[in-house]
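Just below is one structure, and these are the notes that go with it.
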Amino acid sequence: MDIKDVESLAKLARIELSEEEKIELLSDMKGILEYVKVVEKTDVGNIAPEHSLTNVWREDKIESREFDRELITEQFPDARDGFLKVKKIL
Amino acid sequence: MIDLKKLTIEKAHESLKKGEFTCKELADAYLEVIKKKNPELNAYLEVFDDILLQVEKAQKRFTNGTATVLTGIPFAVKDNILIEGHICSSGSKILENYKASYDATVIKKIKNAGAVILGRTNMDEFAMGVSTENSAYGVTKNPHDTKRVSGGSSGGSTACIAMGGALVALGTDTAGSCRQPASFCGVVGLKPTYGIVSRNGLTAMGSSLDVAGVIGKNILDVQTVFDFIKGHDEMDSTSIPDGFYKKKIAKKPVIGVPKHFLKEGLDEKMLLNFQETIKKLEFLGYVIKDIELPHVKYSVPSYYIITPAEISANLARFDGIRYGHNIEGENLMEVYRKSRGKGFGKEVRRRILLGTYVLSHGYHDAYYNKANAIRNLIANDYNKAFEKVDLILTPTTTGPAFKIGEKVNDPVKMYLEDIFTGPANMAGLPAISIPSGFTEEEGKQLPLGIQFMAPHGREDLLFEVGKKFETL
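Structure representation (structure tokens):
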């Protein structure tokens with residue numbers, strides 16, 4: 009792993025980092041990856057990586073839930089006419 | 033004057049019922065302690081301003097006969113559990129001003145029972161950490177020695193119980209976050225079976241491992257609260273229906289000890305305390321058996337692949353757009369990058385990046401899939417062990433509370449704190465940390481703890497052995 013990898017991960021994760029932070033993260037990541045390396049090397053035989061899961065279904069019907077609209081909308085960092093305002097996407 | 037040190041839920045309930053003190057007087061007694069001790073210890077991030085309203089409601093239930101055993105009981109709640117209308121910051125700057133728009137299921141349940149919530153407690157940011165040093169709002173100091181950490185991530189809740197700032201507390205546990213700080217603070221910490229308590233309204237960290245837990249002074253208090261908060265919830269599709277796990281009937285539980293796992297890294301005094309614990313249990317008539325858990329040594333390294341992977345996905349929702357910390361930028365991408373860059377602390381960024389890495393093309397099989405296969409091997413180890421024994425005993429931690437700043441620059445050292453507690457989350461098993469005595473360090477008496485693990489759905493076995501151990 010090098011500084012370019014840290015930059016591309018930060019880009020993927022949408023996190024802005026300063027140059028100092030990148031250097032520090034690189035050294036932390038190297039240490040952690042060295043520690044978890046044992047996982048790569050462990051022989052797991054034919055054990056599957058999946059959990060044993062069961063489907064949980066519910067009826068496809070509308071049920072009203074009580075929400076305080078104001079409590080939700082007052083969390084918006086930016087709003088107009090009670091709607092969430094976002095920057096243009098396209 | 034109410035004797036808070038000796039107070040239990042049962043005693044408080046009797047006194048409230050008889051009118052020996054009122055709900056308000058009880059809450060005021062705790063508020064007095066908080067006022068005196070919290071400025072130094074930083075267990076509470078906020079003491080709520082609606083306590084008077086809550087106690088009045090609770091008091092009415094004693095007059096109209098609808099009081100439950102939790103009515104009027106003062107609770108502290110970890111800052112990652114949603115309480116409608118109150119800030120829930122998860123110890124993070126990115127949610128500094130976020131007000132919850134609904135109650136978590138566990139909160140709904142204790143509110144329905146008439147509990148009084150005094151405030152929200154400090155924690156490592158998004159529950160990532162073992163010392164509360166990762167909180168954006170400062171460390172919670174250990175009430176037994178203020179130079180030391182209270183543990184984490186539910187360190188605020190455990191310190192709060194240890195300082196006498198609430199009768200019981202709620203926390204969450206993803207790898208030991210109720211048990212490790214309970215051990216450091218000399219209180220009881222329960223991590224229930226995965227899915228037995230609803231995750232609805234808990235800020236998600238590692239969704240396949242997270243569970244809400246209970247912290248208290250003694251087993252009975254913890255059991256009482258657990259009985260109120262457990263149960264299937266349609267709002268959490270991973271919550272399990274009653275009777276999901278079959279119960280094996282044990283006449284006299286046999287306790288397994290994985291001696292091979294206790295050879296490395298254990299503090300000498302902790303080992304001594306643990307050996308004494310075994311003797312005490314034998315004195316109580318328990319049979320102790322040596323057991324093998326061959327893959328448990330891989331628990332921490334595989335945990336630190338699986339959890340960051342889940343974190344990188346779960347924390348994608350904090351983008352500065354719909355709620356939380358927002359920093360202006362030229363375009364949408366800049367808003368995301370700046371809000372997340374400034375809003376998240378060091379450890380959170382570290383884990384998001386690590387999770388992004390282990391899930392990326394070319395590493396997914398080598399890391400993430402492999403870690404999940406190991407997780408199955410660990411679960412199989414426990415299943416096999418529980419064919420021979422009914423409970424598994426280890427220390428909760430490798431030693432007593434460490435000093436503030438001692439491990440802060442070494443993430444791997446911090447991660448190793450989970451060595452005994454993490455496996456219960458990997459396998460979804462219930463586990464409890466119980467105080468097992470003290471050790472003296474630099475003139476201070478520091479608490480130590482032991483941990484019992486039980487098969488899925490067998491919290492009853494944990495409470496039973498815990499109560500017997502408490503009598504000694």
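Same order as they appear, the protein sequences are chains A and B.
If you're matching positions, the first sequence starts at 9 in this note's numbering and goes up one per residue.
If you're matching positions, the second sequence starts at 33 in this note's numbering and goes up one per residue.
Glycine included, C-beta positions come from ideal geometry on N, C-alpha and C.
What three-state label does DSSP hand Y76(B) in the structure shown?
Here Y76(B) carries a strand assignment [DSSP, helix/strand/coil].
Would you report the Cα separation of E71(A) and Q83(A), rounded to the nearest angstrom?
Taking the straight line joining both Cα atoms gives about 24 Å.
What is the rounded straight-line gap between the Cα of D450(B) and the Cα of V328(B)?
Roughly 12 Å separates the two Cα atoms.
Check whether P285(B) and V497(B) have beta carbons under 8 Å apart:
Yes, the pair counts as a contact, with Cβ atoms nearer than the cut-off.
Among T100(B), H488(B) and T98(B), which one has its Cα closest to the Cα of K278(B)?
The shortest C-alpha separation from K278(B) is found at H488(B).
Could you check the C-alpha separation between T164(B) and I337(B) for me, to the nearest Å?
Computed Cα separation, rounded: 22 Å.
Check the C-beta distance from V14(A) over to L41(A) and give it rounded, since I have them as a contact under 8 Å.
Contact between V14(A) and L41(A) does not hold, since their C-beta atoms are separated by about 12 Å, which reaches or exceeds 8 Å.
Could you name the residues of the same chain whose beta carbon sits closer than 7 Å to that of E67(A), not counting the 5 residues immediately before and after it, in chain order?
Correct list: empty, nothing qualifies.
Among the residues of its own chain, which have a CB less than 6 Å from the CB of G288(B), if the five just before and after it don't count?
K321, I323, A417, V421 and I424.
Classification of N174(B) by the beta-carbon crowding that lies within 10 angstroms, buried from 16 upward
Looking at its Cβ environment, which holds 16 or more other Cβ atoms inside 10 Å, N174(B) is buried.
With a 10 Å radius around its C-beta and 16 neighbouring C-beta atoms as the bar for buried, classify P273(B) as buried or exposed.
Flag for P273(B) reads exposed.
Is the shortest distance between the beta-carbon of A21(A) and the beta-carbons of chain B less than 8 Å?
Chain B places a beta carbon closer than 8 Å to that of A21(A), counting this residue as a contact.
Would you list the residues sitting across from P479(B) in a DSSP beta bridge?
Residue pairing for P479(B): DSSP places it in a beta bridge opposite F470(B).
Should I247(B) and V229(B) be called a contact, given that it needs their Cβ atoms to be closer than 8 Å?
No. Outside cutoff.
C-beta atoms of L461(B) and T256(B) nearer than 8 Å
In this structure, T256(B) does not lie closer than 8 Å to L461(B) by Cβ.
Starting from the C-beta of A59(B), find all residues in its chain whose C-beta is less than 6 Å away, skip the five residues before and the five after it, and write them out in chain order.
So the qualifying residues of the chain are I83, V87, P106 and V148.
In the DSSP assignment, find the unbroken beta strand (DSSP E) run with P427(B) in it and report its ends.
In the DSSP assignment, P427(B) falls within the beta strand (DSSP E) that extends over L423 to P427.
Burial state of G203(B), where buried means 16 or more other Cβ atoms lie within 10 Å
Buried, by the Cβ-count rule.
Taking 8 Å as the cut-off, decide whether the C-beta atoms of V181(B) and F216(B) are in contact.
With respect to F216(B), V181(B) sits close: the two C-beta atoms are nearer than 8 Å.
Euclidean distance between Cα positions of Y368(B) and Y395(B):
Per the coordinates, the alpha-carbon of Y368(B) lies some 26 Å from the alpha-carbon of Y395(B).
Kindly indicate which residue of R354(B), A405(B) and A345(B) has the alpha-carbon position closest to the one of L386(B).
Closest by alpha carbon: A345(B).
What residues of chain B sit near A87(A), judged by a beta carbon separation below 8 Å?
Result: empty, since nearest Cβ-Cβ is about 10 Å, beyond 8 Å.
Cα-Cα, which of D86(A), E78(A), V47(A) and L25(A) is closest to E360(B)?
Cα-wise, what sits closest to E360(B) is D86(A).
For F84(A), which residues in chain B fall below 8 Å Cβ to Cβ?
The contact set of F84(A) on chain B, defined by CB atoms closer than 8 Å, consists of R354 and Y355 in chain order.
If G183(B) sits next to P213(B), beta carbons under 8 Å apart, how far is it from one beta carbon to the other, in whole angstroms?
That pair is a contact at about 3 Å.
Of the listed residues K249(B), D259(B), F260(B) and L222(B), nearest to V243(B) (C-alpha basis):
Out of K249(B), D259(B), F260(B) and L222(B), L222(B) has the C-alpha closest to the C-alpha of V243(B).
Bridge partner(s) assigned by DSSP for K110(B):
For K110(B), DSSP records a beta bridge to T153(B).
Burial state of A56(A), where buried means 16 or more other Cβ atoms lie within 10 Å
Classification for A56(A): exposed.
Which residue spans inside the region 437 to 466 of chain B form an unbroken alpha helix (DSSP H) run of at least 4?
As far as the region 437 to 466 of chain B is concerned, its whole alpha helix (DSSP H) runs of at least 4 residues are 443 to 447 and 454 to 459.
Residues that DSSP places opposite G288(B) in a beta bridge:
BP columns for G288(B) point to K321(B) and I424(B).
In chain order, what residues of the same chain lie with their CB nearer than 6 Å to the CB of L77(B), ignoring the 5 residues before and after it?
Counting only Cβ-Cβ distances below 6 Å, and skipping sequence neighbours, we find D111, R152, N154 and Y169.
Neighbourhood of K439(B) by C-beta, 6 Å cutoff - its chain only, sequence neighbours within 5 removed:
Here the set comprises K445 and M446.
Would you identify the three-state DSSP class for K69(A), choosing helix, strand or coil?
Residue state, collapsed to three classes: coil.
Would you say L364(B) and I97(A) are within 8 Å of each other, going by their C-beta atoms?
Closer than 8 Å, so yes.
In angstroms, rounded to a whole number, what distance separates the CA positions of R490(B) and E300(B)?
Going by the C-alpha atoms only, they are around 31 Å apart.
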